[in-house]
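Worksheet: one structure, shown below.
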Amino acid sequence: MDQIPCAHVIVALQKSNLDPYDYCSQYYKKETMVDAYKEIVHPIENKETWVIPEHIKSVIVYPPEGRIRVGRPKKRRCKASWERNGKPVKQINCGKCGQNGHNRRTCRNPKKNV
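Sequence positions in the sequence shown follow full-length UniProt numbering and run 1 to 114.
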């Protein structure tokens, strides 16, 4: 929940003579926003003027391993043993000899008699 009362709750609180701001999170109140931005933000100086300790200068940061693949990412979900693997597997029958496991193009058997 985002801790802001909805319109129905605000109406109910007003009818009960209660202040809706008392039921709102501190993060959404004006005082909190003013306190958050009252400090001065100093801009960063030029990179040449930075003071970097030697033990940090010597650290080499390498890019992350791996590569972002092109296209839609694969599903990470592993199917359970009782779930089907998509479409049922259809047996291939040869149109020339009628046997299973190959097709007419790769058939080495003689033509079947009708």
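A virtual CB, placed ideally from N, CA and C, is assigned to each residue, including glycine.
### Message
For Arg105 and Gly95, what's the separation of their Cα atoms in angstroms?
### Response
9 Å
### Query
DSSP beta-bridge partners for Asn103?
DSSP lists no bridge partner for Asn103.
### Task
Return the CA-CA distance between Cys97 and Lys111, expressed in angstroms with no decimal places.
Looking at the two C-alpha atoms, the distance is approximately 5 Å.
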